[in-house]
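Chains as they are written, first to last, in our numbering: chain S, 28 to 346; chain L, 50 to 527; chain C, 5 to 318.
All residues carry an ideal CB built from backbone N, CA and C; glycine is no exception.
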Amino acid sequence: MPITASSAAHALTDVTASDSSLRRFLHGLPGVDTVGLEARAASLGTRSIKTTAKAYAIDLAISMVDLTTLEGADTPGKVRALGAKAVHPDPTDRATPATAAVCVYPDMVATAKEAVAGSGVKVASVATAFPAGRAALDVKLADVRDAVAAGADEIDMVIDRGAFLAGRYLKVYDEITAVKEVSGAARLKVIFETGELSTYDNIRRASWLGMLAGADFVKTSTGKVAVNATPANTLLMLEAVRDFRAQTGVQVGVKPAGGIRTTKDAVKFLVLVNETAGEDWLDNHWFRFGASSLLNDLLMQRQKLTTGRYSGPDYVTVD
Amino acid sequence: MASAFEYAPAPESRSVVDIAPSYGLFIDGEFTGAADGKVFKTVSPSTEEVLSEVARAGTEDVDRAVGAARRAFVKWSALPGSERAKYLFRIARIIQERSRELAVLETLDNGKPIKETRDADLPLVAAHFFYYAGWADKLDHAGLGGDPRPLGVAGQVIPWNFPLLMLAWKIAPALATGNTVVLKPAETTPLSALFFADICRQAGLPRGVVNILPGYGDAGAALVAHPDVDKVAFTGSTAVGKAIARQVAGTRKKVTLELGGKGANIVFDDAPIDQAVEGIVTGIFFNQGQVCCAGSRLLVQESIHDELLDSLKRRLSTLRLGDPLDKNTDIGAINSAEQLSRITTLVEQGEAEGAQRWSPSCELPSAGYWFAPTLFTNVTQAHTVARDEIFGPVLSVLTFRTPDEAVAKANNTQYGLSAGIWTEKGSRILAVANKLRAGVVWSNTFNKFDPTSPFGGYKESGYGREGGRHGLEAYLDV
Amino acid sequence: MSDKPKKTHKGGKDDRAESAGSRRLGVLKTYKLYVGGKFPRSESGRVYEVTDSKGTWLANAPRASRKDARDAVVAARKAFGGWSGATAYNRGQVLYRVAEMLEGRTHQFAREVADAEGLSKAKAAEQVEAAIDRWVWYAGWTDKIAQVVGGGNPVAGPFFNLSTPEPTGVVAVLAPQESSFLGLVSVIAPVIATGNTAVVIASERSPLPALSLAEVLATSDLPGGVVNILTGGTAEIAAPLAAHQDVNAIDLAGAGEALAKELEIAAADNLKRVVRPQPVDHLATPGIERLTAFLETKTVWHPTGALGASGSSY
């Protein structure tokens, strides 16, 4: 069993001693060639996953979904419905695995906890002034404390992209460590908003920064901007967690979020996991999908494999 | 490698291609037997199954085919370029339409993965015809003088590693410029050229403009030697290339030779490492390394040698070797028993000379011709595996300390076909590229091909360029 | 309704309108503009009567307004990024597809051209066939023009220096007035072959072949907005286009002398690239002037330098 992120002392602790040492380290990471990275992601996307492999992948993907609702219009009713769906995604087939978690705003955590009580499904909460993250640190920490106090098992925080893009890496680092501290036992997912970081070099640096600061998961995006999870940025983050474990012994999870809507997409991401980070990550403790509509497509494809005929939206539940 | 996520077999359907039990030569628009009635069998290298029996061209057949091409030349060369263009566009479109069938056929006859024939060979074949089609009525604009004239009959001999793509590289520019063609495919991979003959008929190409002569080296030699051949185009080994150069001495034949290579893939310490690893893999394991421009020598800066080798070995462990028709296969079969034996001999020699051999654990199928992806470390310039072209999935790893040394080692070979440079520093790419004695230099990528881009070697890798505007010159009297 | 019943209708001659020996009444086509890949009516609601060379009514064509022109520029600008960013190979495939789609409609276009230009069937067919071949000619140019007009420059210094052509942007095209189809194709194809997008004003008197061409373009994998076709008064539509600050170039092929001068003056305001009207034999093989007229040349410098600090080589 690999060491988890909570054992923070490792070979790279010196790196975060100062802003300049952190900068030197992050800028010393190998560059990323855009064309090569995207070509590799596309090439893995051509893997043909059939029959038994597909059945395995679909169930695995269902078990990795962080079933998400992050709307201004969220109500207790909506969250309860989501919780019920997470626990029993397909009411017609109880063999269908539960999802990994439901993901809600902090004020809905208590409702969500009730809805999934006793099922093993986790409750994740976005926090730190999600999605923009534009608030003072104490406000962000209060947001996290609220969620944790309401019973959140996992915290999905956003980094300060403004600080990151301005090169103030230590500020970003300190914020993550502060959030990590108040998260307590809750596992911390660190959202970079890769669409705003814009370059692959930045995404690699952010991934290492997040891992150095104690992230349990690195997560692509909020789902609230134009470009969210892509095969290429997820591949890059998988390379980062792979390399981080090789250097430090600490295993960190990966969560692509936003834009993954079909089974075909999800299977492609699992191929990326399998052939980049490896099978140690093929488990919902280490890989998640931040998604909502994906689940129904997975369920329809699952029904297709079971029955041999194509399913339709009338045969899965609306959220 | 066993994983929780085992990919179930995903075979491409073999039934999309209908291979006849026997094929003739294609001369003057007709399929015909060899004059002496000889035939040979072509097998699937991944299973050793006999795919078909093919007529074997001899001297008399060469004479007939050249005669047909000569007769066809009169009208073909007199056609307006815009009409020749439309024939080639038709051929390009039919290839696109039949690309799935041709991809399966090529995989069966050659042994390479369907992933490659589907995603690389066939799209490039169609693109090549499409590109040269457009030149047929624009030769005045090619920078080769006004109204350049075709040479006449082109005798073309192609290898087995990219059967249909090498055919396209030869035939498309020849026809676009108004020449007629006699082409001999390799004896281990005659089928796609014969299917191409059928495509020529579907496109309504006039009889005799394209003639296909399956056969062995003797037929190739007879074609090259034929007095009525005006142009010789050969892709294959350096030894045969030299023999051809001697043979045409004193004649008026125009010659292009695309021969062997021992490409250096140079990785600097500031390279984008993950992409470099992919490029190294593509460079030497694409088409089982049976590629003249393969990056068969990895020159890695000593300071990152261990780190890079760890990454490379980890990556090689994910390569999937097996049934070439399986869509998830990365490494297919070696093309022939003969080639397998050559690879095996050279690898044994490498071990005997003290280089350290490594392969990922990988199970080889019991039938067919297979060779596991192989790395040699502790290799020096003096080792045979660093000097001789192996033409197989075997990578020799050498180190260097400075850019100067990298260039010196990269150029220290009789070949000069390809090279790769991996660094994030633009000026280093250009400075190194400037010093490399190689016809194609890829930076931060490898094994990229495009019909618009000229390809060919320095030194003993041959002469002349194929592809692009430059590729026209080889077929014009300029 | 501008369709005035007093006009003679061509239906009897027209094989669309009445099938041989039957009394079936033909279904007439409503001709519409082509903007952003869609077929809108003119926002002005205006149409004008189009007649054949003998004055017989053929159809009503939309009379585009300055607002239609404005919308067409917006559509052309929106399409520019994708079209200019497509590979040259891809653009070649699309242009060739246009030729393929036209080939099957040779008869329709020959009839429309014969009506429009008063040509015999054979002469009209010749025009259409030449127009199809013109698409093929330009399809072949997409991935060659850079090789003919671009290239490396041997500058005296340690620099890599490469010049490549790039499309200039949105091009307003006044199609020739006389050659309603071959002339039209001869001015559209070179503009888009290199990655520009076009706002085209069809021949004022003979706009129908242009509007039918739009139907072919719409089914040839050409992204919406790459070619936009307007019909109506050439001078009326051209004026706002020539003055438009988001139009990069203008081809004045279809303008008379006075109009051409006026438009050229307006075009100077944002230094549009201007192609002046000139006599052209559209049946002859064109050169590359219409391609290069709408290309910019970009030259990129990059240091090469020496291999190491010592400046040594191997």
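8 angstroms Cβ cutoff met for residue i and residue j
i        : j        : result
C:Ala257 : C:Ala135 : no
L:Ser502 : L:Leu466 : no
S:Ile76  : S:Ala66  : no
S:Asp307 : S:Gln278 : yes
L:Ala225 : L:Ala252 : no
S:Pro133 : S:Ala154 : yes
L:Ile76  : L:Asp112 : no
C:Gly309 : L:Ser476 : yes
L:Gly332 : L:Ala320 : no
S:Leu332 : S:Thr303 : no
Spatially closest choice to residue i from the options, by CA coordinates
i        : options                                : result
L:Arg518 : C:Leu267, C:Asp147, C:Val304           : C:Asp147
S:Val150 : S:Asp243, S:Val131, S:Gly286           : S:Val131
S:Ser320 : S:Gly335, S:Val345, S:Thr303, S:Thr79  : S:Val345
L:Ala386 : L:Leu243, L:Glu97, L:Ile68, L:Ile76    : L:Glu97
C:Ala288 : C:Tyr38, C:Ala83, C:Glu133             : C:Glu133
L:Glu515 : L:Arg120, L:Lys187, L:Gln205, L:Lys135 : L:Gln205
L:Pro58  : S:Thr334, S:Ala80, S:Val153, S:Asp310  : S:Ala80
L:Asp453 : L:Ser64, L:Ala480, L:Gly441            : L:Ala480
C:Thr301 : C:Ala68, C:Asn232, C:Met105, C:Gly155  : C:Gly155
C:Leu166 : C:Leu311, C:Pro307, C:Ala313, C:Gly312 : C:Pro307
S:Leu97  : S:Asp183, S:Thr40, S:Arg51, S:Ser45    : S:Asp183
S:Leu215 : S:Arg231, S:Trp235, S:Thr221, S:Ala179 : S:Ala179
C:Pro244 : C:Arg74, C:Ala143, C:Arg138            : C:Arg74
S:Gly104 : S:Ala190, S:Ala139, S:Asp243, S:Thr61  : S:Ala139
S:Glu141 : S:Ala113, S:Tyr200, S:Gly58            : S:Ala113
Amino acids of chain A, ordered along the chain, whose beta-carbon sits closer than 7 angstroms to that of residue i
i        : result
L:Asn483 : The displayed structure is made up of protein chains S, L and C, and chain A is not among them.
Run of the alpha helix (DSSP H) containing residue i, from where it starts to where it stops
i        : result
C:Lys148 : Looking at the DSSP string, C:Lys148 is not in any alpha helix (DSSP H), and its letter there is neither H nor E.
L:Gln296 : 287-296
C:Pro180 : From DSSP, C:Pro180 is part of no alpha helix (DSSP H); its letter is neither H nor E.
L:Ala114 : 108-127
N-terminal and C-terminal residue of the beta strand (DSSP E) that residue i is part of
i        : result
L:Glu79  : 79-81
S:Ile186 : Per DSSP, S:Ile186 belongs to no beta strand (DSSP E) and is neither H nor E.
C:Asp255 : 253-255
C:His306 : 299-307
L:Phe283 : 280-284
Chain-ordered chain C contacts of residue i [CB-CB under 7 angstroms]
i        : result
L:Ala134 : Val140, Gly144
L:Phe138 : Tyr100, Val140
L:Ala480 : Thr308, Gly309, Ala310, Leu311
L:Lys161 : By Cβ distance, chain C contributes nothing, its closest Cβ being about 23 angstroms from L:Lys161, past 7 angstroms.
L:Gly344 : Neighbours of L:Gly344 on chain C: none; closest Cβ ~20 angstroms, over 7 angstroms.
Chain-ordered chain S contacts of residue i [CB-CB under 8 angstroms]
i        : result
L:Asn377 : Arg74, Ser75
L:Lys164 : Thr73
Cross-chain neighbours of residue i in chain C, by beta carbon under 8 angstroms
i        : result
L:Phe11  : Outside the displayed range of chain L (50 to 527) lies residue 11 of chain L, so it cannot be described from this structure.
L:Arg518 : Lys148, Gln151, Val152
L:Ser131 : Asp137, Val140, Trp141, Thr289
Within chain S, the residues that residue i reaches when beta carbons sit closer than 9 angstroms
i        : result
L:Lys302 : Per Cβ cutoff of 9 angstroms: no residues; L:Lys302 is ~41 angstroms from chain S at best.
Chain S contact residues for residue i, given Cβ-Cβ distances below 7 angstroms
i        : result
L:Lys90  : In chain order: nothing, as chain S lies at least about 31 angstroms away.
L:Glu102 : Per Cβ cutoff of 7 angstroms: no residues; L:Glu102 is ~33 angstroms from chain S at best.
Chain L residues whose Cβ lies nearer than 9 angstroms to that of residue i
i       : result
C:Gly96 : Phe179, Tyr180, Gly183
S:Ala84 : Phe54
S:Thr78 : Ala57, Pro58, Ala59
Chain-ordered chain C contacts of residue i [CB-CB under 9 angstroms]
i        : result
L:Thr451 : Leu311, Gly312
- Item | Residues, ordered as in the chain, of the segment 283-297 of chain C that lie near chain L by beta-carbon distance below 9 angstroms | Thr289, Gly291, Ile292
- Query: When Cβ atoms are compared, which residues of the segment 386-404 of chain L fall closer than 9 angstroms to chain S?
  - Reply: none
- Contact list for the segment 53-67 of chain S against chain L, Cβ threshold 8 angstroms: Pro57, Gly58, Val59, Asp60, Val62, Gly63, Leu64, Ala66, Arg67
- Can you give me, in chain order, the residues of the segment 163-192 of chain C that have a beta carbon less than 9 angstroms from any beta carbon in chain L? Phe163, Phe164
- Task: Check each residue of the segment 486-501 of chain L: if its Cβ is closer than 9 angstroms to any Cβ of chain S, include it; give the result in chain order.
- Result: Asn493, Thr494
- If you measure beta-carbon to beta-carbon, which residues of the segment 167-178 of chain L are closer than 8 angstroms to chain S? Asp168
- Item | Residues from the segment 198-229 of chain L in contact with chain C, defined by Cβ distance under 9 angstroms | none
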